[in-house]
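In the working numbering, the protein residues as written are 14 to 304. Notes for the one structure printed next.
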């Protein structure tokens, strides 16, 4: 088989992997489906010390029960297994999953929405397949159909994007929020080295505050605080959602800018997609204008 035919059949790999993944999901054989899901409770919060690394988030100790044996487990989490905790308080609850008969091998999840079916891998293969087919359309069907496919892909991405929905929900929670005084109790420091050996330093403020209900909350804030590296000991106003203190901000203006950026991004996708489809459709019946 020559190279051209091999390139023409490249899509069979992601398509095959996606089909296998979805078949396993329908049969209930994926790792998340075979795992045991329980709710864990935070019993200890150990914020990073001043100058320590913040890349593992906020270390917490959680408690949960193995429903198979009734045994209670009390284990520490430092982003080694599962999601990174950026806001924590005693009594906070998280979904936790672990293999059957291995309850100590837990993975902490900030939420379980869309993560219990095990279709994350197949979905990635579908995305890879669609991207590859769009690129291949330029070579197989010509630039006109390639532009139409690109435009269709951009419109699909805009339609499926949940950034705007997430931003609006977050804004609604913060609009009903409460402003309290927080204090920076530590500043984390992480050094990153790129492929050329250049170093960059990243800081985040560890902020502690007490809700109106008397809950002591610790949060890792990398945005919204000016001069983060020198913010140790500074008192700062924080706005949080009473129903969920993990929804908080140190800079409401930054939140508004983020929402504006998300709206513009989706609008740009829509306009670019429509323009690409329009140009591609025009070129199907007229000479290619770009030579």
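Think of the CB as a built atom: it goes at the ideal place given N, C-alpha and C, for glycine as much as any other residue.
Taking the straight line between their C-alpha atoms, what separation do you get for residue i and residue j?
i, j, result
"residue 203", "residue 24", "40 Å"
"residue 146", "residue 30", "16 Å"
"residue 216", "residue 245", "11 Å"
"residue 254", "residue 276", "23 Å"
"residue 241", "residue 165", "42 Å"
"residue 136", "residue 91", "28 Å"
Residue range of the alpha helix (DSSP H) that residue i falls in?
i, result
"residue 25", "25-39"
"residue 153", "133-153"
"residue 183", "176-188"
Sorted by chain position, which residues of the same chain lie with C-beta nearer than 6 Å to residue i's C-beta, five sequence neighbours on each side aside?
i, result
"residue 59", "72"
"residue 98", "70, 71 and 73"
Once the 5 residues before and after residue i are set aside, which same chain residues still bring their CB inside 8 Å of it?
i, result
"residue 282", "167, 168, 170, 171 and 174"
"residue 50", "108, 109, 110, 125 and 129"
"residue 84", "78 and 116"
"residue 186", "254, 256, 257 and 260"
"residue 226", "255"
What residue does the beta strand (DSSP E) around residue i start on, and which one ends it?
i, result
"residue 171", "Where residue 171 is concerned, there is no enclosing beta strand (DSSP E), although the alpha helix (DSSP H) it sits in stretches over 156-173."
"residue 108", "106-111"
"residue 63", "Counting along the chain, residue 63 falls outside any beta strand (DSSP E), and DSSP gives it neither H nor E."
"residue 90", "85-90"
"residue 312", "In the structure as shown, the chain starts at 14 and stops at 304, and residue 312 therefore has no counterpart that could be examined."
"residue 195", "191-206"
"residue 258", "257-262"
I'd like the list of long-range same chain contacts for residue i, defined as Cβ closer than 7 Å, with 5 residues on each side in sequence excluded.
i, result
"residue 163", "147 and 289"
"residue 238", "218, 244, 249 and 263"
Which class does residue i belong to by DSSP, given the choice of helix, strand or coil?
i, result
"residue 284", "helix"
"residue 51", "strand"
"residue 42", "coil"
"residue 245", "coil"
Which whole-angstrom value is the C-beta distance of residue i and residue j, which I expect to be below 8 Å?
i, j, result
"residue 55", "residue 105", "4 Å"
"residue 219", "residue 200", "7 Å"
"residue 95", "residue 120", "4 Å"
"residue 221", "residue 195", "6 Å"
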